[in-house]
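K.L.:
Sending over a structure as structure tokens; questions will come in a sec.
In the working numbering, the protein residues as written are 30 to 406.
Structure (structure tokens):
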């Protein structure tokens with residue numbers, strides 16, 4: 030086993046931010062001896078090794094060598110010690126800190142320190158804020174490692190309200206890891222804030238349902254299969270209401286799906302059924318774009334009794350607190366320009382048989398008038 034005493038001694042001394050003179054005084058040797066050890070010119074007396082190891086709180090083996098075999102043996106020992114401790118025991122934190130000092134280049138130990146610090150904060154063991162400072166310092170160092178996402182998740186759980194925005198903005202938008210999921214986890218673990226837990230779970234339902242319901246059904250399957258798919262989507266959205274009316278917050282989403290369905294039905298030659306859905310969709314657009322209501326109901330308990338604005342960017346709870354909506358992949362149906370472009374898009378060939386009808390032209394004319402009015406305003 031190759032001895033690496035000099036390098037290890039120097040690294041441990043610098044980690045503790047002490048000078049050669051200070052460590053020489055602690056060990057009762059000359060400053061020149063310490064300098065020669067670090068340069069690898071010579072080694073300390075055998076009897077002094079336990080004293081040095083105790084001074085730096087490491088084993089003699091790790092003091093002398095830091096090769097892969099030694100590292101793996103020590104890592105196994107770390108996990109054995111960690112598993113032997115209760116997760117609420119502060120000794121877990123002390124153990125992780127010790128190994129972070131010992132192996133500063135190994136992010137795995139730092140990740141466990143972050144995880145353990147988070148647990149200690151959430152169970153109320155950080156009365157003076159010292160653990161939070163340890164958590165923030167080490168979390169920042171993990172952002173360029175494979176532990177990035179897991180670290181952000183832990184920080185959203187444990188961070189202060191002042192730091193919450195910073196950590197949320199680091200969250201990517203993916204199907205498995207996103208801001209809303211982190212917020213739901215935050216308030217699930219903070220049992221003293223059940224109101225926010227309820228709200229964020231409602232928002233998570235909204236965002237997940239929206240993404241799932243707005244999945245694009247391939248046109249290559251044909252209008253018949255696409256129509257069956259959209260009927261099922263409409264049935265799901267109808268279930269969000271009281272059984273008689275689609276909630277206002279979902280009306281534009283529902284209307285967009287109806288327009289797609291009407292195109293399918295026109296292509297299938299089912300004109301009466303197609304016009305029913307087309308008329309219904311345009312009426313919903315007219316209702317939402319002319320209503321003076323700022324907030325629109327989403328449908329009750331499933332969405333935490335929240336209401337949403339017309340652009341689906343913000344939700345509000347019963348107390349008037351506003352929440353950002355994010356993580357929705359496709360969000361164009363609320364825009365009147367989208368409706369105008371959709372009806373004029375030549376790629377939607379399934380509308381071709383009805384494009385010259387007065388009803389179809391009137392719908393385009395109405396959308397155009399709203400756009401002009403908005404531009405003047």
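Using N, Cα and C, we set each Cβ at its ideal position, and we do this for glycine too.
These numbers come from a predicted model, not from an experiment.
Helix, strand or coil: which one does DSSP assign to residue 378?
P.N.:
By 1-based counting over the chain shown, the position of residue 378 is 349. In this structure, residue 378 counts as helix in the three-state DSSP scheme.
K.L.:
By alpha-carbon positions, which one of 355, 58, 320 and 394 ends up nearest to residue 370?
P.N.:
Mapped onto the chain shown, residue 370 falls at position 341. Nearest of 355, 58, 320 and 394 to residue 370, Cα basis: 394.
K.L.:
Three-state secondary structure (DSSP) at residue 120?
P.N.:
Indexing the chain shown from 1 puts residue 120 at position 91. If DSSP states are grouped into helix, strand and coil, residue 120 belongs with the helices.
K.L.:
Relative to the C-alpha of residue 50, which candidate in 56, 41 and 60 has its C-alpha closest?
P.N.:
Within the chain shown, the letter at position 21 stands for residue 50. Considering only alpha carbons, the answer is 60.
K.L.:
Output the distance between the C-alpha atoms of residue 310 and residue 184, rounded to the nearest integer angstrom.
P.N.:
In the chain shown, counting from the first residue as 1, residue 310 sits at position 281. In the chain shown, counting from the first residue as 1, residue 184 sits at position 155. Each residue's Cα considered, the two are about 44 Å apart.
K.L.:
Confirm, please, whether the CB-CB distance from residue 56 to residue 78 is below 8 Å.
P.N.:
Walking along the chain shown from the start, residue 78 turns up at place 49. Walking along the chain shown from the start, residue 56 turns up at place 27. Not a contact, by the Cβ cut-off of 8 Å.
K.L.:
Could you tell me how far apart the beta carbons of residue 357 and residue 396 are, in whole angstroms, since I believe they sit closer than 8 Å?
P.N.:
For this step, residue 357 is matched to residue 328 along the chain shown. For this step, residue 396 is matched to residue 367 along the chain shown. With a Cβ gap of about 23 Å, residue 357 and residue 396 do not count as contacting.
K.L.:
Helix, strand or coil, according to DSSP, for residue 350 in the structure here?
P.N.:
Indexing the chain shown from 1 puts residue 350 at position 321. Coil at residue 350, not helix or strand.
K.L.:
Of the choices 341, 337 and 354, whose alpha-carbon is the least far from that of residue 347?
P.N.:
Taking the chain shown and counting its residues from 1, one reaches residue 347 at position 318. It is 337.
K.L.:
Compute the Euclidean distance between the alpha carbons of residue 131 and residue 343, then round it to the nearest angstrom.
P.N.:
For the purposes of this step, residue 131 is taken as residue 102 along the chain shown, with counting starting at 1. For the purposes of this step, residue 343 is taken as residue 314 along the chain shown, with counting starting at 1. Looking at the two C-alpha atoms, the distance is approximately 47 Å.
K.L.:
Pick out whichever of 137, 149 and 102 has its Cα sitting closest to the Cα of residue 122.
P.N.:
Residue mapping note: residue 122 aligns to position 93 of the chain shown, counting from 1. The shortest C-alpha separation from residue 122 is found at 149.
K.L.:
Quick one: any contact between the stretch 220-236 and the stretch 315-335, if contact means 3 or more CB pairs under 8 Å?
P.N.:
Yes, the stretch 220-236 touches the stretch 315-335.
K.L.:
Just tell me which of 259, 270 and 273 has its CA closest to the CA of residue 288.
P.N.:
Counting from 1 along the chain shown, the entry for residue 288 is found at position 259. Out of 259, 270 and 273, 259 has the C-alpha closest to the C-alpha of residue 288.
K.L.:
Buried or exposed, going by whether 16 or more other CB atoms sit within 10 Å of the CB of residue 290?
P.N.:
Here residue 290 refers to the residue found at position 261 when the chain shown is read from its first residue. Burial call: buried.
K.L.:
With a threshold of 7 Å on Cβ separation, who are the neighbours of residue 368 within its own chain once the five nearest residues in sequence on each side are excluded?
P.N.:
Position 339 of the chain shown, counted from the start, is the residue given in the question as residue 368. Cβ neighbours of residue 368 beyond the five flanking positions: 314 and 396.
K.L.:
Cα separation between residue 419 and residue 270?
P.N.:
For residue 419 there is no data in the structure shown, the boundaries of the chain being 30 and 406.
K.L.:
For residue 170 and residue 80, I'd like the C-alpha separation in whole angstroms.
P.N.:
Here the question's residue 170 lines up with position 141 in the chain shown. Here the question's residue 80 lines up with position 51 in the chain shown. Going from the Cα of residue 170 to the Cα of residue 80 covers about 32 Å.
K.L.:
Between the Cα of residue 239 and those of 64, 179, 279 and 124, spot the shortest distance and give me the residue it belongs to.
P.N.:
As a working note, residue 239 is residue 210 in the chain shown. Closest by alpha carbon: 279.
K.L.:
Excluding the 5 residues preceding and the 5 following residue 167 in the sequence, name in chain order all residues of the same chain whose CB lies nearer than 6 Å to its CB.
P.N.:
Here the question's residue 167 lines up with position 138 in the chain shown. Result list for residue 167: 139, 142 and 143, in chain order.
K.L.:
Could you give the first and the last residue of the continuous alpha helix (DSSP H) run that contains residue 253?
P.N.:
Residue numbering aside, residue 253 sits at position 224 when the chain shown is read from its first letter. Start and end: 252-267.
K.L.:
For residue 213, which residues from the same chain have a beta carbon less than 8 Å from its beta carbon, with the 5 sequence-adjacent residues on both sides left out?
P.N.:
Within the chain shown, residue 213 is the residue found at index 184, counting from 1. Closer than 8 Å at the Cβ level, and outside the excluded window around residue 213, lie 226, 229, 230 and 233.
K.L.:
Rank 316, 284 and 319 by C-alpha distance to the C-alpha of residue 303 and give the top, closest one.
P.N.:
Mapped onto the chain shown, residue 303 falls at position 274. For the residues 316, 284 and 319, the minimum Cα distance to residue 303 belongs to 284.
K.L.:
I'd like the list of long-range same chain contacts for residue 110, defined as Cβ closer than 8 Å, with 5 residues on each side in sequence excluded.
P.N.:
The residue labelled residue 110 in the question sits at position 81 within the chain shown. Same-chain partners within the cutoff: 124.
K.L.:
Going by DSSP in three states, residue 156 sits in which element: helix, strand or coil?
P.N.:
In the chain shown, residue 156 corresponds to position 127, counting from 1. If DSSP states are grouped into helix, strand and coil, residue 156 belongs with coil.
K.L.:
Three-state secondary structure (DSSP) at residue 406?
P.N.:
In the chain shown, residue 406 corresponds to position 377, counting from 1. Coil at residue 406, not helix or strand.
K.L.:
Note down, one range per segment and in chain order, each alpha helix (DSSP H) of at least 4 residues found wholly within the stretch 128-175.
P.N.:
Listed in chain order, the complete alpha helix (DSSP H) runs (minimum 4 residues) inside the stretch 128-175 are 136-151 and 159-170.
K.L.:
Can you tell which of 45, 39 and 103 has the C-alpha that lies nearest to the C-alpha of residue 65?
P.N.:
Counting from one through the chain shown, the residue named residue 65 turns up at place 36. When each option's Cα is compared against that of residue 65, the closest is 39.
K.L.:
Contact check, residue 85 vs residue 41 under 8 Å by CB: the rounded distance?
P.N.:
The sequence position of residue 85 within the chain shown is 56, counting from 1. The sequence position of residue 41 within the chain shown is 12, counting from 1. Going by Cβ atoms, the distance from residue 85 to residue 41 rounds to 4 Å, so yes, they are a contact pair.
K.L.:
Pick helix, strand or coil for residue 336, following the three-state DSSP scheme.
P.N.:
Here residue 336 corresponds to residue number 307 of the chain shown, with the count starting at 1. Three-state result, residue 336: strand.
K.L.:
Measuring CA to CA, which of 210, 156 and 293 is closest to residue 251?
P.N.:
Taking the first residue of the chain shown as position 1, residue 251 is located at position 222. That would be 293, whose Cα lies nearest to the Cα of residue 251.
K.L.:
Using the rule of at least 16 other Cβ atoms within 10 Å of the residue's Cβ for burial, across every protein chain shown, is residue 30 buried or exposed?
P.N.:
The residue given as residue 30 occupies position 1 in the chain shown. Bear in mind that a pLDDT of 44 at residue 30, under 50, signals an unreliable position, so the number given afterwards is only what the model happens to contain. Exposed, by the Cβ-count rule.
K.L.:
Is DSSP giving residue 223 helix, strand or coil here?
P.N.:
Residue mapping note: residue 223 aligns to position 194 of the chain shown, counting from 1. Three-state DSSP puts residue 223 in a helix.
K.L.:
Helix, strand or coil for residue 322 per DSSP?
P.N.:
For the purposes of this step, residue 322 is taken as the residue at position 293 of the chain shown. Looking at residue 322 - three-state DSSP - the assignment turns out to be coil, as it is neither helix nor strand.
K.L.:
On the CB-based measure, 16 or more other CB atoms within 10 Å of its CB, does residue 210 come out buried or exposed?
P.N.:
The sequence position of residue 210 within the chain shown is 181, counting from 1. Residue 210 should be labelled buried.
K.L.:
Give the straight-line distance between the Cα atoms of residue 426 and residue 386, rounded to the nearest whole angstrom.
P.N.:
With the chain represented from 30 up to 406, any question about residue 426 goes unanswered, as that position is not in the structure.
K.L.:
I believe residue 193 touches residue 180 by the beta-carbon criterion, under 8 Å. Please report the beta-carbon distance rounded to the nearest angstrom.
P.N.:
Here the question's residue 193 lines up with position 164 in the chain shown. Here the question's residue 180 lines up with position 151 in the chain shown. Not confirmed; about 15 Å, so no contact.
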